[in-house]
Structure formats: C-alpha cells, structure tokens
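S.K.: In numbering that gives the first Met the number 0, the protein residues as written are 0 to 294.
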Amino acid sequence: MAAKIIDGKQVAADMRAELKEKVAKLKDRGIVPGLAVVLVGEDPASKSYVTAKERACEEIGIFSDDNRLPADTSQEDLMTLVEKLNNDPKINGILVQLPLPKHLNESEVLLKINPDKDVDGFHPVNVGKMVVGEKAFLPCTPHGILQLLKRNNIPTEGAEVVVVGRSNIVGKPVANMLIQKNDMGNATVTVCHTRTKNLKEHCLRADIIIAASGRPNTVTADMVKNGAAVIDVGVNRVEDATKKRGYRLVGDVEFDAIKEKASYITPVPGGVGPMTITMLLFNTVESAEKAAAKK
Ligand code: GUN
Numbered sequence: 000m001a002a003k004i005i006d007g008k009q010v011a012a013d014m015r016a017e018l019k020e021k022v023a024k025l026k027d028r029g030i031v032p033g034l035a036v037v038l039v040g041e042d043p044a045s046k047s048y049v050t051a052k053e054r055a056c057e058e059i060g061i062f063s064d065d066n067r068l069p070a071d072t073s074q075e076d077l078m079t080l081v082e083k084l085n086n087d088p089k090i091n092g093i094l095v096q097l098p099l100p101k102h103l104n105e106s107e108v109l110l111k112i113n114p115d116k117d118v119d120g121f122h123p124v125n126v127g128k129m130v131v132g133e134k135a136f137l138p139c140t141p142h143g144i145l146q147l148l149k150r151n152n153i154p155t156e157g158a159e160v161v162v163v164g165r166s167n168i169v170g171k172p173v174a175n176m177l178i179q180k181n182d183m184g185n186a187t188v189t190v191c192h193t194r195t196k197n198l199k200e201h202c203l204r205a206d207i208i209i210a211a212s213g214r215p216n217t218v219t220a221d222m223v224k225n226g227a228a229v230i231d232v233g234v235n236r237v238e239d240a241t242k243k244r245g246y247r248l249v250g251d252v253e254f255d256a257i258k259e260k261a262s263y264i265t266p267v268p269g270g271v272g273p274m275t276i277t278m279l280l281f282n283t284v285e286s287a288e289k290a291a292a293k294k
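Here's what the structure looks like:
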C-alpha cells in the first residue's frame with residue numbers, strides 16, 4: 000500500500016485563508032491583531048522559525064512586533080520586556096522563541112507571560128486548563144497535528160496512538176490532547192521515550208504514530224503496522240554537500256520505506272511545519288477577538 004502524503008502546506012493554506020477573513024472583519028472594526036515575537040541570540044534554526052512566523056503574520060494582516068535581543072541579554076532585561084508587552088494593548092500574543100540561551104531561566108520567563116496573551120500555550124495556567132479539558136490556548140504543534148488528522152479524516156476515537164518523545168512542546172501535550180473526551184481525542188495513547196524498553200513492540204500496535212524524538216530514523220519501516228498513519232514532527236538538519244546551503248532537512252522517521260506501508264504519512268518539510276505557524280496565527284486571532292469582545 001502506498002501511503003497518501005499529507006499535504007500540510009495545503010491544509011495550512013486553507014486555514015490561513017479562513018483566518019485572513021477573520022482578520023479583515025476585525026480590521027473593519029478598527030482592530031489589528033498584534034503578535035510580539037522575542038528571539039534571544041543567534042541560533043540559526045530559531046532565526047529561520049522566527050522569520051517564517053513574522054512573514055506568515057504579515058501575509059494575513061497580523062501586526063508583527065519583532066524583538067531580537069543579543070545572546071548575553073540578562074534575565075532582568077528579558078523579564079522587563081515581557082512585562083512591557085503584557086501591558087501593551089496593541090499586542091494580543093507574545094511568543095518567546097525556545098530554547099533560550101543556557102544562562103536564562105526559561106520557566107520564569109514563561110510564567111511571566113500574561114496567560115491571556117500566551118499564544119504558544121506554554122504558560123502553566125494554559126497547560127493546566129488543557130489537561131483538565133477547559134478552554135485554553137492550545138500549543139501550536141500538537142494542535143496542528145490534530146487538525147491534520149481531522150482534516151484528512153483520520154479518526155482518533157478508539158485509535159491506538161503511539162507518541163515517540165516526551166517534550167513539553169510536543170510529546171506531553173499531544174498525548175494529553177488525544178485522550179480528551181472530544182472530537183479530536185478519545186484515543187488510547189502510549190508515550191514512548193528514551194527509557195522505553197521495546198519501542199518497536201509499542202509502535203507495531205499503533206494505528207497512528209506521532210514521531211517527535213528529534214532524531215532521524217527513530218521510527219523505521221519494520222516498526223510500522225501496515226495501514227498505520229505516521230505523523231513526523233522532526234526537523235533535523237543533516238549534512239548534504241549536493242545542496243547549496245550544505246544541509247537538507249529530514250524528519251524522525253524513515254520516510255521512503257514507511258510510505259510503502261503506511262496509509263498516511265507527513266513529509267518533511269511540508270507536513271507538520273506549516274501547521275505549527277498556522278495554529279500560532281489561529282491563537283493570535285482568537286486572542287484579538289477575545290480582547291475586542293471585552294471592549
Ligand atoms: N521552539 C520550537 N518550537 C517552538 C514553538 O512552537 N514555540 C516557541 N516559542 N519556541 C519553539
């Protein structure tokens with residue numbers, strides 16, 4: 000069976016068109032949604048994510064406030080900036096790009112962001128609300144994965160899902176969202192990680208595999224059941240002298256072999272990646288609509 004390649008760019012384009020209309024409606028009322036992006040340091044991957052996020056904002060009419068700080072920025076200066084953005088009525092969403100340089104205290108910074116502007120969904124208040132099933136900003140990559148499943152008619156209800164990876168950004172939240180009692184959840188979820196004893200055995204049971212280990216070839220074809228859906232969250236740079244920039248991007252799964260066995264698979268790039276940014280735009284528009292309703 001040759002898998003259907005899930006086109007994340009197309010799903011993202013459909014959702015962005017819907018969001019553009021919402022932004023236009025807000026503009027008719029004199030409201031421009033605003034997203035502040037904070038990048039500390041010079042990490043090349045983070046820089047390209049931040050640039051892509053800002054460009055996506057501009058494309059749908061969201062005001063993007065760019066805050067790039069040197070790698071040696073102090074904790075105090077970063078906290079002061081977040082406080083300023085918390086109090087700025089033009090700003091509906093605040094995104095501090097992670098990881099931060101080692102000398103900075105990440106959890107203290109995330110705690111400082113006003114939960115009503117936490118469009119990344121990383122503040123413990125939003126994480127807690129998500130876990131107990133209350134309305135909250137959902138973290139962008141997991142929410143993007145759920146949208147990809149939903150919009151490709153891949154059912155989660157009753158499905159065996161294996162998540163590979165337990166990060167706070169992807170593994171833990173996506174597992175939580177999939178066990179919720181709602182139309183994007185109702186799955187039976189196993190979370191595997193670096194201390195899991197028999198990854199292959201777990202993966203072979205899965206109707207849906209979500210690979211978010213951050214390592215190429217974590218999931219190989221012998222670990223995939225015929226007809227399973229495979230969602231690849233990995234974005235790894237591997238050296239490639241044939242490319243002008245000297246590297247190419249690969250995911251966490253053995254794409255070429257798995258696509259002959261699976262029912263669905265996401266490519267890298269062009270699968271989950273475009274959805275992450277789309278869900279950030281979604282949260283920012285929602286935040287602006289909420290702020291407008293309070294006026
Ligand atoms: N670093 C990797 N992914 C993300 C993300 O979704 N949000 C932020 N803020 N940082 C990240």
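Quick reminder that beta carbons are idealized off the backbone N, C-alpha and C, glycines included.
Say the cut is 8 Å; is the CB of residue 139 nearer than that to a heavy atom of ligand 1?
M.R.: Result yes, Cβ under 8 Å from ligand 1.
S.K.: Using C-beta distances below 6 Å, list every residue in its chain close to residue 228, excluding the 5 sequence neighbours before and after it, in chain order.
M.R.: So the qualifying residues of the chain are 153, 207, 262 and 263.
S.K.: Pair every Cβ in the stretch 112-119 with every Cβ in the stretch 249-263, then say whether three or more of these pairs are closer than 8 Å.
M.R.: No: the two stretches stay apart, fewer than three of their Cβ pairs being nearer than 8 Å.
S.K.: Take residue 238 and list the residues in its own chain whose beta-carbon comes closer than 7 Å to its own, dropping the five residues that flank it on each side.
M.R.: Closer than 7 Å at the Cβ level, and outside the excluded window around residue 238, lie 245 and 246.
S.K.: Taking only heavy atoms of ligand 1 into account, decide whether any of them is closer than 8 Å to the Cβ of residue 98.
M.R.: Yes, since a heavy atom of ligand 1 falls inside the 8 Å radius drawn around the Cβ of residue 98.
S.K.: Looking at the unbroken beta strand (DSSP E) that takes in residue 210, where does it start and where does it end?
M.R.: Run containing residue 210: 207-210, per the beta strand (DSSP E) assignment.
S.K.: On the DSSP bridge list, what partners appear for residue 93?
M.R.: The partner list for residue 93 (beta bridge, DSSP) reads 35.
S.K.: Distance check for residue 280 and residue 124, CA to CA, integer angstroms please.
M.R.: Their Cα atoms are separated by approximately 20 Å.
S.K.: Under three-state DSSP, which class holds residue 189?
M.R.: Reduced to three states, the DSSP call for residue 189 is strand.
S.K.: If we ignore side chains and look at the alpha-carbon of each, how far apart do residue 17 and residue 58 end up?
M.R.: Near 13 Å, if we compare the C-alpha coordinates of residue 58 and residue 17.
S.K.: Just tell me which of 268, 259, 12 and 121 has its CA closest to the CA of residue 250.
M.R.: Among 268, 259, 12 and 121, the Cα nearest to that of residue 250 belongs to 268.
S.K.: Taking DSSP's pairing of strands, which residues face residue 159 in a bridge?
M.R.: DSSP lists 187 as partners of residue 159.
S.K.: Count the other CB atoms, across all protein chains shown, that sit within 10 Å of the CB of residue 9; report buried if there are 16 or more and exposed otherwise.
M.R.: So residue 9 counts as exposed.
S.K.: Any chance you could list the beta strand (DSSP E) runs of at least 3 consecutive residues sitting entirely within the stretch 87-132, in chain order?
M.R.: If we require 3 residues or more, the beta strand (DSSP E) runs fully inside the stretch 87-132 come out as 92-95.
S.K.: Let me make sure I understand the geometry here. Which of 31, 45, 217 and 109 has the alpha-carbon closest to that of residue 67?
M.R.: Out of 31, 45, 217 and 109, 45 has the C-alpha closest to the C-alpha of residue 67.
S.K.: Considering only residues of the stretch 191-255, which uninterrupted alpha helix (DSSP H) runs meet the minimum length of 4 residues and lie entirely inside it, listed in chain order?
M.R.: Here the runs fully enclosed are 198-203.
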